[in-house]
Amino acid sequence: MKIHYTNILLFPLKLNILVNTHKKPHTTARHTQKIPTTRSLSECELYAPVNYDKDPQMTKIMENFNKQTQQRFHEYDERMKTTRQKCKDTCDKEIQKIILKDKLEKELTEKFATLQTDIHSDAIPTCICEKSLADKVQKFCLKCGYRLGGALTSCEILGYTGIYSWEVVATSLAKEEAIKSGINAVLEYLSKFPGLNSLPGFNIAGMINSTNFNKSMSIMDILQGINIAACDNIGSSSTKSTFCAFLEPDGVRKLAKCAREAAQVGISETASVQGSKLASIKNTMLSSNTILIASAITILAIVLKVMLIIYIILRYRKKNKMK
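Note that this note's numbering numbers the sequence shown so that position 159 is 666, with each residue one more than the last.
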């Protein structure tokens, strides 16, 4: 590394000293102490072959390793013996099969060679088997039993389907009847309101229907409309009706209370009637299911018994004939 410092004053001498000191071995710093470099072979002697073999710990480890290795080799030899024996047995079986096959082929070839080859179709005996009436009836009983069992099962399924359809229709009719009862209960409650039924030109029964009989706000709107039409256009108090006179002090509150209670009466009556009707429908369904199941089981048992008796009799007669 060559750098010119001659243009800077007093620096060339100092820098030359710093750069060149490491090149001269006789220039050493006085404040550093020389450390002697010594090497000892004591560590290497610890792992020398003589000391290594005589170490009891290493000897124990080597013995344990040898035992484990020998045990694993022994297990491997046992497994190999078992595998070789299995392979040998399989090979012996295959060889026996091949030998037997060749022997059978040889015997069949020798036998076929000695047979006559001029066999005509007329020389083959024929046997015509005619089924008796008992066999036909026996077979018919079995087929009839199978088909009858399937037919009874189908009838039972169709019966359940019909009962379920009847239940759906009966439930809808029960709901309609419950709604009618709720409407009648609301009309009966409104008839108790002073002067409401005696108002000319207002048909309360036509205003209450299945969509608003259980809603207090709808009933309130109907009563408020009647109040506006019947009472707001009357001048003197002498011509006022009982309905308008009853509503004179705080009429809105009275109408709201009447509408709320009428709707509650309609809801209660509808729930009561519908619950009783559905309970009766459920009882009818249970009784119908019981009757249907009992009748199907009875018919099936009777038919199967008859078929079984006929089948046993015919089978017994057939065995006697064969003997």
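Each residue gets a CB set at the ideal place from its N, CA and C atoms; glycine is no exception.
With respect to Glu674, Ile788 sits close: the two C-beta atoms are nearer than 8 Å.
Collapsing the DSSP output to three states places Leu680 in a helix. It is roughly 15 Å from the alpha-carbon of Cys765 to the alpha-carbon of Ser775. Taken atom to atom, the span from the alpha-carbon of Ser679 to that of Leu815 is near 47 Å.
DSSP, reduced to helix, strand and coil, places Thr589 within a helical segment of the structure shown.
Inter-residue distance for Ser688 and Thr777 is about 6 Å (C-alpha atoms, whole angstroms). Within the model, the alpha-carbon separation for Lys613 versus Thr597 is close to 24 Å. Our two residues, Ile819 and Lys828, have alpha carbons roughly 14 Å apart in a direct line.
Approximately 7 Å separates the beta-carbon atoms of Ser748 and Ala737; this is inside 8 Å, confirming the contact. Gly713: member of the alpha helix (DSSP H) spanning Ile711 to Met714, first to last residue. Distance from the CA of Ile605 to the CA of Asp584, rounded to the nearest whole angstrom, comes to 31 Å. By the Cβ rule, the region 791-807 does not count as touching the region 717-736, because fewer than three pairs are nearer than 8 Å. Between Phe750 and Pro701, the C-beta spacing is below 8 Å. At the C-beta level, Leu703 and Ile690 stay beyond 8 Å of one another. With 16 or more other Cβ atoms from the protein chains shown falling within 10 Å of its own Cβ, Leu697 counts as buried. For Asp757, there is no enclosing alpha helix (DSSP H), since its DSSP letter is neither H nor E. Rounded to the nearest angstrom, the gap between the Cα atoms of Phe580 and Ile602 is 32 Å. Nearest C-alpha to Lys761 among Gly782, Ser794, Ile726 and Gln781: Ile726. Listed in chain order, the non-local C-beta contacts of Phe709 below 6 Å within the same chain comprise Ile733, local neighbours out to five positions each way being set aside.
Residue state for Lys722 is assigned as coil, using DSSP reduced to three classes.
In this structure, Ala681 sits near Lys784, with a CB-CB distance shorter than 8 Å.
Counting the other Cβ atoms within 10 Å of the Cβ of Ala770 gives 16 or more, which makes it buried. With distances taken between CA atoms, Asn790 lies nearest to Ala677 out of Ala677, Asp599 and Lys618. In this structure, DSSP gives Leu607 a helical state, which the three-state scheme calls helix. Per DSSP, reduced to three states, the secondary structure at Gly773 is helical.
Annotated three-state conformation of Asn790 is helix, per DSSP. Collapsing the DSSP output to three states places Phe700 in coil. Under the criterion of beta carbons closer than 8 Å, Asn721 and Gly773 qualify as touching, at roughly 5 Å. Ile798 and Ile809 have their C-alpha atoms spaced approximately 16 Å apart.
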